[in-house]
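Single-structure report; data block below.
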Amino acid sequence: MNDMNISLPKVILTFVSLPILPEIILTLSLVAIVVIDLLNREKNTILLYKIFLISTSIGVGVLLCQWQIPSVFQHFHTSNFNFNNIFRFFLLICSLLSVLSSADYILCSKMALAESPSFELAAGLAGMVLSYANDLVTIYVSLEFLALSSCFLSGYTKLDLRSNEASMKFLLMSGASSSLLLYGFSSLYGLSGGQLQLDATVDGISFNRYALTMYLSATCITAGTAFKLSLFPFHQWTPDVYEGSPTPVVAFFSVTSKVAAPALFTRLFGLIFPYLSNEWHIAVGLLATFSMILGNLIAVTQRSVKRMLAYPSISQIGYIMIGVLAADSENGYASMITYTFIYILMNLGTFARIIPFGLRTGTDNIRDYAGLYMKDPVLTFSPVLRSPSLGGIPPSSGFFGKLYLFWHGWKAGSYPSVPVALVTSVISIYYYLKIIKLMFTGKNGKSDTPITYRQNSLVSPSISISKSSLEIAMIIRALASTLSGIFIDPIIEITRNTFF
Numbered sequence: 017m018n019d020m021n022i023s024l025p026k027v028i029l030t031f032v033s034l035p036i037l038p039e040i041i042l043t044l045s046l047v048a049i050v051v052i053d054l055l056n057r058e059k060n061t062i063l064l065y066k067i068f069l070i071s072t073s074i075g076v077g078v079l080l081c082q083w084q085i086p087s088v089f090q091h092f093h094t095s096n097f098n099f100n101n102i103f104r105f106f107l108l109i110c111s112l113l114s115v116l117s118s119a120d121y122i123l124c125s126k127m128a129l130a131e132s133p134s135f136e137l138a139a140g141l142a143g144m145v146l147s148y149a150n151d152l153v154t155i156y157v158s159l160e161f162l163a164l165s166s167c168f169l170s171g172y173t174k175l176d177l178r179s180n181e182a183s184m185k186f187l188l189m190s191g192a193s194s195s196l197l198l199y200g201f202s203s204l205y206g207l208s209g210g211q212l213q214l215d216a217t218v219d220g221i222s223f224n225r226y227a228l229t230m231y232l233s234a235t236c237i238t239a240g241t242a243f244k245l246s247l248f249p250f251h252q253w254t255p256d257v258y259e260g261s262p263t264p265v266v267a268f269f270s271v272t273s274k275v276a277a278p279a280l281f282t283r284l285f286g287l288i289f290p291y292l293s294n295e296w297h298i299a300v301g302l303l304a305t306f307s308m309i310l311g312n313l314i315a316v317t318q319r320s321v322k323r324m325l326a327y328p329s330i331s332q333i334g335y336i337m338i339g340v341l342a343a344d345s346e347n348g349y350a351s352m353i354t355y356t357f358i359y360i361l362m363n364l365g366t367f368a369r370i371i372p373f374g375l376r377t378g379t380d381n382i383r384d385y386a387g388l389y390m391k392d393p394v395l396t397f398s399p400v401l402r403s404p405s406l407g408g409i410p411p412s413s414g415f416f417g418k419l420y421l422f423w424h425g426w427k428a429g430s431y432p433s434v435p436v437a438l439v440t441s442v443i444s445i446y447y448y449l450k451i452i453k454l455m456f457t458g459k460n461g462k463s464d465t466p467i468t469y470r471q472n473s474l475v476s477p478s479i480s481i482s483k484s485s486l487e488i489a490m491i492i493r494a495l496a497s498t499l500s501g502i503f504i505d506p507i508i509e510i511t512r513n514t515f516f
């Protein structure tokens, strides 16, 4: 009996320290959601979302425990494992916060109930596998699984022609980028003598003998990943997909792409192309710089809120690339990780405001936000806290995150990119604060501008739109994005100490 008591904690410790335990939990919950949806004739949506919330919460807890407890799987627990763990943690947080906003949206729509949580779980699972994938096949399959899940999510509202169009564009662009990426990977496979592991691929490549093919492979991989991440000039699909997709879906994959970007770039170019470090730094630096310029300038002219947020999403990838290009294991990556965390809170909080407004009014036009303060102060409270942070106005969390990121990018030698990032951040303040001005003053500078609340065509008339979970999610994200600015120093210190 004593032996059993002694061995039980060891068994539990071994089980909890299993590196892929969070992925196992998500896989089991995904299977459970599909099976319950098939067997449950009453279509209990709340039960499905409870499974989603419980599984992602347990996954977050397991990841936090794996940082603190020693593991019997010592070959997994390296600095790279800790570095990858933070992106897995971010993806779980993205899924957890996104589902809080999408639950009411699904209840109010006339769509299938299990599809949204199923595809969100599948996308999150694929992103987590991508974060620690160490061979070309796993990287490609997980990236495609993430892209396909996002594509299906964008076409979730099948009765909306714009959603169908967005899904088709997403699928076509994803297929084009996958072709380029696969060609680059196959070239690496041939050059390395049939090696799939990243370390073995590097060891098997003779750069001096196959320099031209290496350049071609690097070009295809850069273009393929730039398509996936909507970097300039491969960004054309992004605004249309944002505008046509359901708003909770846009919120989800607008942040998952920012998490996948640094994980993918640091692994591919930091390990596979050590001989081309100068070339890919220049190429990616130019893509990031033009993405920041184009994203912020075109966002100023947009009339749709979702299209307006699509272009800053392009520029945000450029900002994050500054930290990736710094390639400093202590400060560059730490600043990139810190800013990514802050951006997740800011962006999801912004979409938490757009979702209830779209459900209650059926509109996405910026002008329809005029006078919102008089009609719904709660919806106004949220952007007042977060829009300055997205624009980088001090003393918000976005300001400190950008300051930390740009400073270490400058020290790493990103001299063209950092000044452009500073100027474009100032430009972004205009279109973020423009919406706040409309909310308080109205179209003609008057605070008594009326708002017409009309029924959304995608919302069932028999269902009343609940405010509870949407407003709870909105308040949580507003407070989180605000507190992250107040406690920015502890966050940075934790980021440094966690990995290095």
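Converting from the sequence shown to this note's numbering requires adding 16 to each position, the first position being numbered 1.
All C-beta atoms, glycine included, are put in the ideal place defined by N, C-alpha and C.
Mapping DSSP to helix, strand and coil, what is S320?
strand
Going by beta-carbon coordinates alone, are L421 and Y355 separated by less than 7 Å?
yes
Considering only the beta carbon of each residue, do V436 and M308 sit closer than 7 Å?
yes
Which residues in the same chain have their Cβ closer than 7 Å to the Cβ of R323, if we skip the five residues on either side of it in sequence?
For R323, where only same-chain residues beyond five positions count, the Cβ hits under 7 Å are P255, Y258 and E259.
So is R402 buried or exposed if we call it buried at 16+ other beta carbons inside 10 Å?
buried
Candidates V266, A350, G408 and F106, of which the one nearest V145 by Cα:
F106
When you compare only the Cα positions, how much space is there between M337 and L197?
Looking at the two C-alpha atoms, the distance is approximately 19 Å.
Compare the beta carbon distance of L79 and P35 with 7 Å and say whether it is the shorter of the two.
no
For the 8 Å Cβ check, are there 3 or more pairs between the stretch 111 to 130 and the stretch 279 to 286?
Contact check between the stretch 111 to 130 and the stretch 279 to 286: fewer than three CB pairs, one atom from each, fall below 8 Å, which does not count as touching.
Mind reading off the beta-carbon distance from H297 to G348? Whole number of angstroms is fine, and I expect it under 8 Å.
Actually they do not touch by this definition, with Cβ atoms about 12 Å apart.
With DSSP as the reference, label Q211 as helix, strand or coil.
coil
Cα-Cα, which of V47, F99 and L46 is closest to I510?
F99
Roughly how many angstroms separate the alpha carbons of F456 and L169, rounded to a whole number?
34 Å
For N294, the three-state DSSP class (helix, strand or coil):
helix
Alpha carbon to alpha carbon, how far is T241 from S208? Give it in angstroms, no decimals.
21 Å
Residue environment, G210, which counts as buried when at least 16 other CB atoms sit within 10 Å
exposed
Between V321 and I370, how many whole angstroms is the CB-CB distance? I'm expecting something under 8 Å.
6 Å
On the three-state DSSP scale, how would you describe N101?
helix
Quick check: the Cα distance between R178 and T317, rounded to an integer number of angstroms?
21 Å
Whole angstroms is fine: what's the gap from R512's alpha carbon to T154's?
About 28 Å.
Taking K185 as the reference, which of C167, T396, L175 and I507 has the closest Cα?
C167
Which same chain residues end up closer than 6 Å to F306 when comparing Cβ atoms and leaving out the 5 residues on each side of it in sequence?
F248
Taking 7 Å as the CB-CB limit, is S71 close to chain D?
No chain D is part of this structure, which consists of one protein chain only.
Could you check the C-alpha separation between Y231 and Y446 for me, to the nearest Å?
Rounded to whole angstroms, the gap between the alpha carbons of Y231 and Y446 is 41 Å.
Quick check: what's the CA-CA separation for P506 versus S73?
Roughly 23 Å between the two C-alpha positions.
Which value, in whole angstroms, describes the spacing of the CA atoms of G171 and L341?
34 Å
What is the rounded straight-line gap between the Cα of I508 and the Cα of V275?
17 Å
Since I451 contacts I360 with CB under 8 Å, what's their CB separation in whole angstroms?
Actually they do not touch by this definition, with Cβ atoms about 20 Å apart.
Measure the beta-carbon distance from C110 to T229 and round it to whole angstroms, keeping in mind my assumption that it falls under 8 Å.
That pair is no contact at about 37 Å.
Grouping DSSP H, G and I as helix and E and B as strand, with all else coil, what is D151?
Three-state result, D151: strand.
On the premise that E136 lies in contact with F268, defined as a C-beta separation below 8 Å, what is that separation, rounded to the nearest angstrom?
With a Cβ gap of about 6 Å, F268 and E136 count as contacting.
Helix, strand or coil: which one does DSSP assign to N381?
strand
Go through the stretch 32 to 66 residue by residue and report every complete run of the alpha helix (DSSP H) that reaches 4 residues or more, in order.
37 to 55
Taking all protein chains shown into account, do 16 or more other C-beta atoms lie within 10 angstroms of the C-beta of K244, making it buried, or fewer, making it exposed?
buried
T43 versus L64: straight-line alpha-carbon distance, rounded
14 Å
Give every residue of the same chain whose Cβ lies closer than 7 Å to the Cβ of S118, excluding the five residues on either side of it in the sequence, and list them in chain order.
Only S132 and P264 meet the Cβ criterion.
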